[in-house]
Amino acid sequence: MTTNAPRKVIYDTDPGVDDAMALYFALAHANIDMVGITTTFGNVSVQQATTNALYLTALVNRKIPVAEGVATPWVKPGEAPPAFIHGADGLGNLPARQPVGGKADGRSAAQFIVDMARAQPGEITLVAVGPLGNLAAALMLEPELPKLLREVILMGGTVLEPGNVSPVAEANIWNDPHAADKVFTAGWKLTMVGLDVTHRVIVPVEMFRRIAQHHKHVATDTLLHAVNFYADFYSGLYPHVAKIHGCFGHDVLAFIYLTNPELFTLEHGRVRVATEGLAQGQTMLRRREVNYPQHGWDTTVPDTQACMQVDADACSTVLEQTLLRPWIGA
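Numbers 109 to 438, taken from my numbering, label the letters of the sequence shown in order.
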């Protein structure tokens with residue numbers, strides 16, 4: 109980090125196993141101050157996402173505002189959540205849950221984002237790891253939002269790596285491509301942490317077993333259960349992942365980029381999202397300075413940046429060392 113003060117973060121999420129991994133990494137990291145959580149549909153329904161966010165934070169005795177967001181895509185029809193990847197409950201079908209209190213903030217996720225950004229202009233980083241409907245809705249409420257947020261880091265999209273829901277599309281972007289295109293062209297400082305790097309970081313279940321044994325706490329036991337379910341899915345899909353019985357880090361890479369940007373190689377350019385047809389959800393990065401005849405690539409479209417390479421071993425080390433810290437509240 110470039111400053112000693114922790115970075116204030118709103119976490120826009122659809123927990124989700126890798127979302128839970130990212131949440132606990134962020135809560136464990138000394139240089140991250142999570143000031144709010146906003147939820148969206150995606151890995152689970154938005155109602156289940158809110159339930160999971162409240163549950164996961166309560167397990168570690170963190171009182172963080174949770175605001176519920178969009179339940180469906182902006183334009184396209186919604187899809188059933190992928191229970192075969194994350195479990196019907198988003199956390200690998202937990203056999204039981206601890207009784208916890210807590211309820212969501214009364215504001216919508218979009219209103220929460222706008223209110224927080226207006227109250228603390230230039231201070232808040234928004235880390236988004238699900239479909240981008242909440243950010244698009246916040247932009248409609250406050251067109252000046254790109255000037256009010258410090259930056260946006262999102263896990264989603266892909267430039268060169270094959271997609272995971274189609275040959276060209278990553279799931280978060282594909283789930284709400286119209287919202288994503290609005291977000292990519294809004295003009296804020298934006299970094300895309302997509303499959304080009306997240307498919308390079310494979311974390312073994314054994315890492316989370318070590319973390320659970322170290323802390324001996326229901327929160328890390330919950331995370332271990334969820335990751336084991338998630339790893340079973342990925343190990344059945346990718347032989348090289350099965351060799352270590354692991355899973356892709358995906359969402360946690362957005363936070364590791366925030367804390368350790370030196371581990372990533374970036375490419376700059378305009379990004380647009382295909383909203384229709386077979387290429388729906390494709391994130392297209394303008395990689396050459398060419399005057400393309402097709403509308404949508406001119407200078408009125410702001411540049412953004414995409415992570416293209418990553419030091420995978422170093423990311424895994426950062427993840428494990430952070431989660432081994434004494435971070436869980438009594």
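We put the CB at the ideal spot given by N, CA and C, even for glycine.
Buried or exposed by the 16-neighbour rule on C-beta atoms within 10 Å, applied to R378: buried
W296 to A382 span [Cα, whole Å]: Computed Cα separation, rounded: 20 Å.
Pair within 7 Å by beta-carbon distance, G238 and D126: no
Secondary structure, alpha helix (DSSP H): runs of 4+ residues fully inside the segment 158-243: 191-194, 217-227
Distance, S343 Cα to L256 Cα: 42 Å
R395 (DSSP reduced to helix, strand or coil): coil
Rounded straight-line distance, which links the Cα of V260 to that of G230: 11 Å
Own chain residues within Cβ distance below 8 Å of V326, not counting five before or after: Contacts found: L167, Q206.
Cβ separation of D120 and L243, assumed to be a contact under 8 Å, to the nearest whole Å: The beta-carbon distance between D120 and L243, rounded to whole angstroms, is 7 Å. This is short enough to meet the 8 Å contact definition.
Cα-Cα separation, A350 to D406: 44 Å
T110, buried or exposed, once every other Cβ within 10 Å from all chains shown has been counted against 16: A caution first: T110 carries a pLDDT of 42, below 50, which makes its placement in the model unreliable, though a value can still be read off. With fewer than 16 other Cβ atoms within 10 Å, it is exposed.
3 or more residues per run - each beta strand (DSSP E) lying fully within the segment 268-305: The qualifying runs are 298-301.
Top-ranked residue by Cα proximity to I193, from R395, S424, Q321, L345: L345
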